[in-house]
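Note that the UniProt record's numbering has the sequence shown beginning at 1, numbered continuously upward. Working notes, beginning with the structure itself.
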Amino acid sequence: MASFQICGGCCLDGEVSIQGSKNAALPILSACLLAPGVTKLYNCPRIADVYNMLKILENMGCRTSLGRECAVIDTSSAITGKISQEDSRAMRSSLTLLGALLGRLGRVSLPWPGGCSIGKRPVDLHLDALARMNISVKTTEAGLECQSAQIRGTHIKFPYPSVGATENVILASVLAQGTTVIENAAKEPEVVDLCHFLNEMGASIHGMGTGCITVYPVKRLKNVSYRIMSDRIVAGTYLTAAAATGGNVTVAGVRERDICSVLDVLADMGCGIIVRPSRVQVIAPQAMLAPDTIHTRPFPGFPTDMQSQMMVCLTAAMGDSEIREDIFEDRFKIVPQLKKMGAKIQIHKNKAFIQGRQTLCGADVEAQDLRGGAALVIAGLMAQGETQVAGTSFIERGYEDICKDLGQLGARISRI
Ligand SMILES: CC(=O)N[C@H]1[C@@H](OP(=O)(O)OP(=O)(O)OC[C@H]2O[C@@H](n3ccc(=O)[nH]c3=O)[C@H](O)[C@@H]2O)O[C@H](CO)[C@@H](O)[C@@H]1O
Ligand SMILES: C=C(OP(=O)(O)O)C(=O)O
């Protein structure tokens with residue numbers, strides 16, 4: 001099994017360009033199915049989840065390629081809609097194929113999706129919303145079966161602003177009959193990026209980025225070239241690593257407004273923040289302060305996908321801190337691994353109490369999920385001595401080349 005070997009005790013310094021966003025690229029790749037023909041996607045991250053999505057598209061009859069510059073997706077041939085259990089289970093975003101294939105074929109049979117094991121992750125919000133759109137929905141032991149002779153736009157009010165469910169309703173409604181209004185829609189920048197992509201294709205989506213999205217249906221969509229947004233979670237990871245190692249790092253290609261809740265916490269901890277057009281710089285203070293309690297929340301709140309990385313950083317603060325994980329029930333799996341490195345963290349239900357002023361020591365640890373894995377890499381950079389982080393495949397689901405990026409900032413890290 002591959003692992004990352006990290007020689008700790010360095011201070012990150014320099015500038016790094018941020019890859020394209022995983023959580024924007026994946027639904028956008030699904031959305032390509034809605035317009036038969038060739039779509040070009042620039043800034044498409046070369047990560048395991050994207051390769052898996054391309055494999056799914058290929059297996060259903062598309063032709064795809066992913067080069068340095070862009071991904072090319074040709075969906076002109078007849079699409080079978082067939083998806084293997086193994087491919088669907090490899091990630092969460094296979095769920096967005098529900099909306100996209102319903103829009104293209106009027107039916108879909110999707111083996112149960114997977115993704116990071118960070119909680120129960122039910123699909124009731126997706127299915128309840130689709131059922132309201134004149135789509136018949138069946139769950140079986142193998143997965144989900146949906147079909148519709150005519151998808152109908154309707155008024156949907158989500159009890160919770162689910163990112164994936166909002167994306168599925170948008171994908172199912174752009175070519176439907178009648179207008180769809182989504183209340184309490186997710187406001188995440190990746191949902192907005194999906195809407196911008198669909199609008200470039202000729203869709204008529206309004207209100208994205210607010211809690212109320214309206215989709216006016218169109219007859220057909222056209223093929224376009226599109227640049228996917230940069231990954232705000234990768235940017236947040238590197239900026240948090242800068243703070244954690246007493247460094248000074250600039251991330252290029254990212255918008256401040258997409259990461260402002262993370263920057264607010266770093267500023268609260270005493271970091272210097274410099275914002276320039278499409279560049280954000282974080283300068284660690286001499287001594288980091290413990291911030292106010294961090295609550296994970298839907299956008300624009302603090303992202304759950306940054307919770308583990310921030311937890312690691314807090315072990316070095318000059319006081320004790322508290323994190324409340326309010327989105328996923330099982331996102332503290334990193335804690336036993338961090339304890340092996342000398343961290344002192346107590347968990348009580350959805351709360352983590354992190355003792356500050358700790359010097360971590362190198363250890364052999366194992367990633368259990370994507371962001372927990374990235375957080376262990378940060379812990380390795382902070383620690384005295386050598387750390388090996390096993391479970392690289394989790395990290396490579398979302399980070400294109402974490403060794404190269406961090407190496408460019410002065411980290412001593414290699415994949416072995
Ligand atoms: C590929 C992708 O974009 N993944 C992101 C997406 O995941 P994902 O789309 O799965 O996250 P959701 O916003 O749907 O989930 C948020 C909460 O709603 C619950 N829920 C969701 C759907 C449902 O039908 N029923 C239900 O109860 C979930 O269990 C969770 O507690 O948003 C999460 C929250 O920002 C991020 O952590 C993930 O990185
Ligand atoms: C939880 C994540 O991803 P997914 O929803 O794809 O499992 C993540 O990106 O941190």
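Glycine is no exception: its CB is placed at the ideal position from the N, C-alpha and C atoms.
Under 8 Å by Cβ, that's how I've got residue i and residue j pegged, so tell me the actual separation to the nearest angstrom.
| i | j | result |
| --- | --- | --- |
| residue 308 | residue 372 | 5 Å |
| residue 306 | residue 233 | 6 Å |
| residue 414 | residue 5 | 5 Å |
| residue 239 | residue 275 | No, residue 239 and residue 275 are not in contact; Cβ-Cβ is about 12 Å, not under 8 Å. |
| residue 338 | residue 312 | 7 Å |
| residue 358 | residue 316 | 7 Å |
| residue 350 | residue 369 | Residue 350 to residue 369, Cβ: 16 Å. No contact. |
| residue 365 | residue 333 | With 8 Å as the limit, residue 365 and residue 333 do not qualify as a contact, their Cβ atoms being about 11 Å apart. |
| residue 235 | residue 259 | 6 Å |
| residue 134 | residue 151 | 6 Å |
Tell me whether residue i is buried or exposed, calling it buried when 16 or more other Cβ atoms sit within 10 Å of its Cβ.
| i | result |
| --- | --- |
| residue 257 | exposed |
| residue 242 | buried |
| residue 1 | exposed |
| residue 206 | exposed |
| residue 149 | exposed |
| residue 19 | buried |
| residue 160 | exposed |
| residue 347 | exposed |
| residue 68 | exposed |
| residue 92 | buried |
| residue 416 | exposed |
| residue 331 | buried |
| residue 78 | exposed |
| residue 397 | buried |
| residue 59 | exposed |
Have a look at the options and flag the residue whose alpha-carbon is nearest the alpha-carbon of residue i.
| i | options | result |
| --- | --- | --- |
| residue 432 | 416, 11, 31 | Nothing in the structure corresponds to residue 432, since the chain is present only between 1 and 416. |
| residue 386 | 404, 412, 399, 394 | 412 |
| residue 127 | 57, 118, 137, 119 | 137 |
| residue 107 | 80, 288, 199 | 80 |
| residue 231 | 17, 240, 13 | 17 |
| residue 406 | 3, 10, 289 | 10 |
| residue 279 | 7, 15, 176 | 15 |
| residue 141 | 165, 132, 110 | 110 |
| residue 36 | 222, 148, 27, 57 | 222 |
| residue 319 | 301, 332, 345 | 345 |
| residue 211 | 192, 268, 88, 218 | 192 |
| residue 417 | 330, 336, 301, 355 | Beyond the ends of the chain as shown, which are 1 and 416, falls residue 417; an answer cannot be given. |
| residue 22 | 190, 82, 171, 173 | 190 |
| residue 162 | 403, 367, 304 | 304 |
| residue 194 | 295, 177, 166 | 166 |
| residue 98 | 333, 299, 33, 235 | 33 |
| residue 131 | 281, 172, 75, 93 | 172 |
| residue 95 | 58, 29, 48 | 29 |
| residue 57 | 88, 398, 208 | 88 |
| residue 54 | 115, 78, 26 | 26 |
What is the DSSP secondary structure of residue i, counted as helix, strand or coil?
| i | result |
| --- | --- |
| residue 144 | strand |
| residue 371 | helix |
| residue 226 | strand |
| residue 281 | strand |
| residue 251 | strand |
| residue 4 | strand |
| residue 158 | coil |
| residue 53 | helix |
| residue 41 | strand |
| residue 310 | helix |
| residue 346 | strand |
| residue 256 | helix |
| residue 13 | strand |
| residue 216 | strand |
| residue 131 | helix |
| residue 477 | Absent from the structure is residue 477, since the part of the chain shown begins at 1 and ends at 416. |
| residue 221 | coil |
| residue 190 | helix |
| residue 289 | coil |
I'd like to know whether the C-beta of residue i is nearer than 9 Å to at least one C-beta of chain E.
| i | result |
| --- | --- |
| residue 112 | Absence of chain E from the displayed structure is noted, only one protein chain being present. |
Q) Is there contact here, the region 245-253 with the region 184-202, by at least three beta-carbon pairs under 8 Å? A) no
Q. How would the residue list near ligand 4 read, in chain order, if you kept each one whose beta-carbon is closer than 5 Å to any heavy atom?
A. This structure does not include ligand 4; its bound ligands are ligand 1 and ligand 2.
Q: Check whether the region 222-232 touches the region 35-52, counting contact only when three or more Cβ pairs, one atom from each stretch, lie closer than 8 Å.
A: yes
Q) When the Cβ atoms of the region 151-159 are set against those of the region 197-209, are three or more pairs found closer than 8 Å? A) no
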